[in-house]
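Trainee: Numbering (this note's numbering), first residue to last: 60 to 255. Glycine included, each C-beta is placed from N, C-alpha and C at the ideal position.
Given below as structure tokens:
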């Protein structure tokens, strides 16, 4: 059904595997030829999570378009319900996880004075809110899903949060909006963008 609505739709199970393999080759080269910060096992675990979860919420992003077409064509219903995420966001289902991602991205920003940094964080927070609630951005929703699923794990700051951050920014719209302010992006974030 998705291929009918979106001719460019790709099989995401196969896509996840391809992304994982391509990124693994790149990470292996980085480990061999470039001195990496962090340990190899942590980077490998992070990459496995990033490759697996990066398009996890693709169907949510496409849901409103799909439901409009399905209900109109199949059931002749003009205005079906849309997926509403604002209530969940406001009730802290998403907001605390978004704060983790913004904090993680903070280490990648150019050095600004404190006032500019706070203003930038607020702009990013507002941008993410819009991307989640109005556009249902699959990268951000996938990263939030990862954080919700593995938030209490022991490797949260070394594996899970960097993977979730990479997933959050892999979508073109997010990447383009943030890329100008980022100068110290982690290698896993760069690889996720390159491979997807």
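Mind checking residue 80: buried by the 16 CB within 10 Å criterion, or exposed?
Mentor: With fewer than 16 Cβ atoms within 10 Å of its Cβ, residue 80 is classed as exposed.
Trainee: Helix, strand or coil: which one does DSSP assign to residue 181?
Mentor: In the structure shown, residue 181 sits in a helix (DSSP, three-state: H, G or I).
Trainee: Pick helix, strand or coil for residue 109, following the three-state DSSP scheme.
Mentor: Three-state result, residue 109: helix.
Trainee: Just tell me which of 155, 226, 160, 153 has its CA closest to the CA of residue 106.
Mentor: Per the Cα distances, 226.
Trainee: Using a 10 Å radius around the Cβ and a threshold of 16 neighbouring Cβ atoms, would you call residue 76 buried or exposed?
Mentor: The residue in question, residue 76, is exposed, as its Cβ has fewer than 16 Cβ neighbours within 10 Å.
Trainee: In angstroms, rounded to a whole number, what distance separates the CA positions of residue 174 and residue 184?
Mentor: Each residue's Cα considered, the two are about 15 Å apart.
Trainee: Could you check if residue 202 is buried or exposed, using at least 16 other CB atoms within 10 Å of its CB as the buried criterion?
Mentor: Buried, because 16 or more other Cβ atoms sit within 10 Å of the Cβ of residue 202.
Trainee: In angstroms, rounded to a whole number, what distance separates the CA positions of residue 83 and residue 111?
Mentor: Whole-angstrom Cα-Cα distance: 12 Å.
Trainee: How far does the alpha helix (DSSP H) with residue 207 in it extend, from its first residue to its last?
Mentor: First-last of the alpha helix (DSSP H) with residue 207: 197 to 209.
Trainee: Applying the criterion that 16 or more other CB atoms from any shown protein chain within 10 Å of the CB defines a buried residue, is residue 220 buried or exposed?
Mentor: Buried is the call here.
Trainee: Can you tell me whether residue 189 is helix, strand or coil according to DSSP?
Mentor: Note: residue 189 maps to helix in three-state DSSP.
Trainee: How many Å lie between residue 162 and residue 124 at the Cα?
Mentor: Near 32 Å, if we compare the C-alpha coordinates of residue 124 and residue 162.
Trainee: Grouping DSSP H, G and I as helix and E and B as strand, with all else coil, what is residue 116?
Mentor: Residue 116 falls in the coil class under three-state DSSP.
Trainee: What does the alpha-carbon distance come out to for the pair residue 78 and residue 108?
Mentor: Rounded to whole angstroms, residue 78 to residue 108 spans 11 Å at the Cα level.
Trainee: Can you tell me whether residue 99 is buried or exposed, with buried defined as 16 or more other CB within 10 angstroms of its CB?
Mentor: It counts as exposed.
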